[in-house]
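Counting from 368, one number per residue, gives the positions in the sequence shown under the numbering used here.
Glycine residues also receive a C-beta, built at the ideal position from the N, C-alpha and C atoms.
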Amino acid sequence: MNIQTVRQTAREKLKGFCRVCPECNGKACAGEVPGMGGMGTGTSFKNNVEALAAYRINLRTLHGVKKPNTQIKLFGQELKTPIFGAPITGNNFNMGGALNEEEWAEAMIQGCLSSGAMGSTGDAPDPAMYKAGLGVVAKAQGLGIPFMKPRELPEVFDYLRLAEEAGVLAVGMDVDAAGLVTIPVSPKTKEDLKTIIDNTSLPFIIKGIMTVEEAEIAVEVGAAAIVVSNHGGRVLDYTPGTAEVLPEIAAAVDGRIPVIVDGGVRTGVDVLKMLALGADAVMIGRPLIIAGYGGGAEGVALAIRRMTNELKQAMVLTGCQTLENIDMDVFFKRKTFTS
Numbered sequence: 368m369n370i371q372t373v374r375q376t377a378r379e380k381l382k383g384f385c386r387v388c389p390e391c392n393g394k395a396c397a398g399e400v401p402g403m404g405g406m407g408t409g410t411s412f413k414n415n416v417e418a419l420a421a422y423r424i425n426l427r428t429l430h431g432v433k434k435p436n437t438q439i440k441l442f443g444q445e446l447k448t449p450i451f452g453a454p455i456t457g458n459n460f461n462m463g464g465a466l467n468e469e470e471w472a473e474a475m476i477q478g479c480l481s482s483g484a485m486g487s488t489g490d491a492p493d494p495a496m497y498k499a500g501l502g503v504v505a506k507a508q509g510l511g512i513p514f515m516k517p518r519e520l521p522e523v524f525d526y527l528r529l530a531e532e533a534g535v536l537a538v539g540m541d542v543d544a545a546g547l548v549t550i551p552v553s554p555k556t557k558e559d560l561k562t563i564i565d566n567t568s569l570p571f572i573i574k575g576i577m578t579v580e581e582a583e584i585a586v587e588v589g590a591a592a593i594v595v596s597n598h599g600g601r602v603l604d605y606t607p608g609t610a611e612v613l614p615e616i617a618a619a620v621d622g623r624i625p626v627i628v629d630g631g632v633r634t635g636v637d638v639l640k641m642l643a644l645g646a647d648a649v650m651i652g653r654p655l656i657i658a659g660y661g662g663g664a665e666g667v668a669l670a671i672r673r674m675t676n677e678l679k680q681a682m683v684l685t686g687c688q689t690l691e692n693i694d695m696d697v698f699f700k701r702k703t704f705t706s
């Protein structure tokens with residue numbers, strides 16, 4: 368199996384829902400929600416890609432870095448790579464249904480595990496979709512992270528109990544899905560989040576943080592981590608790209624909890640950029656959909672290994688031995704001259 372074969376198979380299975388473009392930038396699929404595109408004009412999706420692309424990298428080769436270390440420890444797990452699979456559901460209405468929810472979750476979770484990464488499962492209007500992903504994680508000895516939508520509190524508590532019974536590492540909520548009209552969801556107050564976190568024994572991840580103020584709230588209520596995310600540009604048009612807001616958020620959090628980020632990450636160099644901007648790890652969405660539809664778990668593993676190898680090469684060529692060495696110094700800063 369190779370990337371070309373995976374992409375061709377994915378193009379056939381995702382026909383009518385994803386064009387598997389040479390560059391996944393949100394332009395061809397703008398407004399295609401349901402589907403793989405961004406909301407409205409697709410500007411939020413495109414901003415994710417363009418904000419990340421705007422950063423230039425300093426090439427450095429006069430150093431002793433030859434075999435960089437990409438290992439990371441999060442939620443008690445030693446991982447070979449800082450790449451996480453993002454929570455994804457809705458195969459029938461977003462990806463055409465060539466894979467059902469359980470098949471997709473198997474591809475995601477097993478592909479991540481076999482490549483030394485960590486995968487996630489998601490939530491959708493039908494509770495059976497959350498349960499399907501949760502069942503796959505349970506079969507993998509709990510090595511995966513289920514995410515739920517910001518449902519009403521009684522239902523959230525039910526979902527938490529299911530996650531606890533499955534023995535998962537951690538559980539999350541993508542709070543940026545609060546505007547969806549297909550599920551009974553709503554924004555969550557600081558008090559709501561505190562109540563949720565106080566009612567589970569699991570580490571709780573808040574996904575969908577785009578401002579310093581909300582990052583501070585997440586820390587205050589006891590979140591185990593945050594994910595800087597605008598939901599792949601799929602819920603609100605004209606938001607900034609995640610790479611634009613990440614540095615300020617990471618600086619405000621200041622290492623108190625892990626900061627994960629998604630949005631526009633397509634290569635190992637993109638991973639390097641997000642880590643340099645302050646993230647501890649990244650989440651990958653659309654590229655793993657293509658990989659999973661094109662090659663199942665093996666396709667997902669192939670994509671993650673490729674990105675991890677690209678990250679290692681970028682670390683060699685920027686002089687970074689460990690993930691902790693990756694900082695803003697990897698970026699080219701244009702000098703200005705004054706008379």
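Buried/exposed call for residue i, threshold 16 Cβ in 10 Å
{"i": "Arg623", "result": "exposed"}
{"i": "Pro389", "result": "exposed"}
{"i": "Phe699", "result": "exposed"}
{"i": "Asn392", "result": "buried"}
{"i": "Asn676", "result": "exposed"}
{"i": "Gln444", "result": "exposed"}
{"i": "Glu473", "result": "buried"}
{"i": "Gln508", "result": "exposed"}
{"i": "Thr556", "result": "exposed"}
Residue i and residue j closer than 8 Å at C-beta
{"i": "Ser553", "j": "Ala545", "result": "yes"}
{"i": "Pro614", "j": "Asn414", "result": "no"}
{"i": "Thr549", "j": "Pro513", "result": "no"}
{"i": "Ala537", "j": "Ile576", "result": "no"}
{"i": "Thr685", "j": "Val697", "result": "yes"}
{"i": "Gly645", "j": "Arg374", "result": "no"}
Proximity winner among the options, relative to residue i (alpha-carbon distances)
{"i": "Val416", "options": "Lys394, Gly407, Pro435 and Val432", "result": "Lys394"}
{"i": "Asp541", "options": "Lys561, Leu429, Pro454 and Asp525", "result": "Pro454"}
{"i": "Asn436", "options": "Lys679, Ala530, Phe514 and Arg386", "result": "Lys679"}
{"i": "Val588", "options": "Thr567, Asp604, Leu603 and Met496", "result": "Thr567"}
{"i": "Ala418", "options": "Ile671, Val612, Met674 and Thr562", "result": "Val612"}
{"i": "Leu501", "options": "His430, Thr456, Lys440 and Glu580", "result": "Thr456"}
{"i": "Met695", "options": "Pro654, Ala618, Asp629 and Arg673", "result": "Ala618"}
{"i": "Ile439", "options": "Pro654, Asp647 and Met674", "result": "Asp647"}
{"i": "Gly383", "options": "Gly431, Ile370, Val400 and Ala670", "result": "Val400"}
{"i": "Gly630", "options": "Leu642, Val649, Ile616 and His430", "result": "Val649"}
Straight-line Cα distance separating residue j from residue i
{"i": "Phe460", "j": "Gly659", "result": "16 Å"}
{"i": "Asp559", "j": "Ile593", "result": "16 Å"}
{"i": "Ile564", "j": "Glu379", "result": "42 Å"}
{"i": "Val602", "j": "Thr578", "result": "16 Å"}
{"i": "Thr428", "j": "Gly539", "result": "40 Å"}
{"i": "Lys498", "j": "Pro551", "result": "17 Å"}
{"i": "Met475", "j": "Leu569", "result": "21 Å"}
{"i": "Met515", "j": "Val387", "result": "27 Å"}
{"i": "Val626", "j": "Tyr422", "result": "20 Å"}
{"i": "Ala484", "j": "Lys434", "result": "19 Å"}
{"i": "Asn458", "j": "Glu468", "result": "6 Å"}
{"i": "Ile693", "j": "Ala505", "result": "34 Å"}
{"i": "Leu381", "j": "Gly431", "result": "45 Å"}
Residues of its chain near residue i, where Cβ-Cβ distance is below 6 Å and the 5 sequence neighbours each way are ignored
{"i": "Gly599", "result": "Gly652"}
{"i": "Gly478", "result": "Ala664, Val667 and Ala668"}
{"i": "Leu527", "result": "Thr567"}
{"i": "Gly486", "result": "Gly452, Met475, Ile476, Cys479 and Gly511"}
Same chain, Cβ closer than 7 Å to residue i, five either side skipped, listed in chain order
{"i": "Ala397", "result": "Gly404, Gly405, Thr408 and Gly409"}
{"i": "Glu470", "result": "none"}
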